[in-house]
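Student: Have a look at this one before I ask anything.
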Amino acid sequence: MYKSQGRYEEAEPLLLQALELRKRLLGENHPYVADSLNNLANLYSSQGRYEEAEPLYLQALELRKRLLGENHPYVADSLNGLGFLYYSQGKYEEAEPLYLQALELRKRLLGENHPYVANSLNNLAKLYYFQGKYEEAEPLYLQALAIAEQALGENHPTTVKIRENLESLP
Numbered sequence: 001m002y003k004s005q006g007r008y009e010e011a012e013p014l015l016l017q018a019l020e021l022r023k024r025l026l027g028e029n030h031p032y033v034a035d036s037l038n039n040l041a042n043l044y045s046s047q048g049r050y051e052e053a054e055p056l057y058l059q060a061l062e063l064r065k066r067l068l069g070e071n072h073p074y075v076a077d078s079l080n081g082l083g084f085l086y087y088s089q090g091k092y093e094e095a096e097p098l099y100l101q102a103l104e105l106r107k108r109l110l111g112e113n114h115p116y117v118a119n120s121l122n123n124l125a126k127l128y129y130f131q132g133k134y135e136e137a138e139p140l141y142l143q144a145l146a147i148a149e150q151a152l153g154e155n156h157p158t159t160v161k162i163r164e165n166l167e168s169l170p
């Protein structure tokens with residue numbers, strides 16, 4: 001909650017405490033530990049603390065793959081988070097394969113019309129947009145928008161953001 005409100009200073013100690021508690025009570029190799037690592041990485045990434053976020057994303061991804069299997073929605077979430085981290089740093093060549101893997105997993109596991117698929121399509125489209133690959137971005141934005149409108153409604157904040165992204169194309 002604090003993170004979503006931009007209250008990072010209040011969120012960080014709570015996330016660190018949750019991580020340590022989960023490690024102590026559940027052991028290092030538990031899916032909840034991976035969740036805590038991912039949550040802390042998300043916080044650091046949203047603050048631009050990329051060097052601190054990256055190893056946490058990588059640990060969460062490795063744990064999730066090992067404990068939940070390669071084909072799990074949480075693995076897709078970790079791939080997407082790590083992709084966003086690289087995208088945010090302008091490391092587009094590193095972000096693209098992660099976004100593509102997350103998209104493929106989400107389509108296969110959640111279905112073609114799931115809001116998380118729209119999220120992945122939007123992320124990949126933004127990546128192409130910032131590389132000047134507008135012709136590749138447009139169909140992805142259109143797919144993302146169609147899914148979001150159907151799954152979330154025309155006025156949902158996610159749908160509105162995707163529509164704005166589409167309208168920003170030259």
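Numbering (UniProt numbering), first residue to last: 1 to 170. For every residue, glycine included, the Cβ atom is placed at its ideal position computed from N, Cα and C. The structure displayed is predicted, hence computed values, not measured ones.
Whole alpha helix (DSSP H) runs in the UniProt repeat "TPR" (34-67) with 4 or more residues, listed along the chain?
Tutor: none
Student: What is the DSSP secondary structure of Y2, counted as helix, strand or coil?
Tutor: At Y2 the pLDDT is 49, less than 50, meaning the model places this residue with poor confidence and gives no usable figure here.
Student: Alpha carbon to alpha carbon, what distance is there between P139 and R163?
Tutor: 12 Å
Student: Could you check whether L61 and L43 sit closer than 8 Å to each other, using their CB atoms as the reference points?
Tutor: no
Student: Give me, in chain order, the residues of the same chain whose beta-carbon lies closer than 7 Å to that of N113; leave out the 5 immediate sequence neighbours on both sides.
Tutor: I147, Q150 and A151
Student: Mind checking Q143: buried by the 16 CB within 10 Å criterion, or exposed?
Tutor: buried
Student: Hey, how far is the Cα of V33 from the Cα of P170?
Tutor: 43 Å
Student: Straight-line CA distance for N39 to Y134?
Tutor: 32 Å
Student: Ignore the nearest five residues each way along the sequence and tell me which others in N123's own chain have a CB closer than 6 Å to its CB.
Tutor: Y99
Student: Taking only runs of the alpha helix (DSSP H) that begin and end inside the stretch 78-153, which ones reach a length of at least 4 residues, in chain order?
Tutor: The stretch 78-153 contains these whole alpha helix (DSSP H) runs: 92-110, 115-130 and 134-152.
Student: Roughly how many whole angstroms lie between the Cα atoms of R108 and V75?
Tutor: Roughly 13 Å between the two C-alpha positions.
Student: Among the residues of its own chain, which have a CB less than 8 Å from the CB of P31, if the five just before and after it don't count?
Tutor: L63, R64, L67, L68 and Y74
Student: Can the beta-carbon of E96 be found less than 8 Å from the beta-carbon of L127?
Tutor: yes
Student: Going by the beta-carbon positions, is the gap between A137 and A118 smaller than 8 Å?
Tutor: no
Student: Hey, would you say A18 sits closer than 8 Å to S36, going by beta carbons?
Tutor: yes
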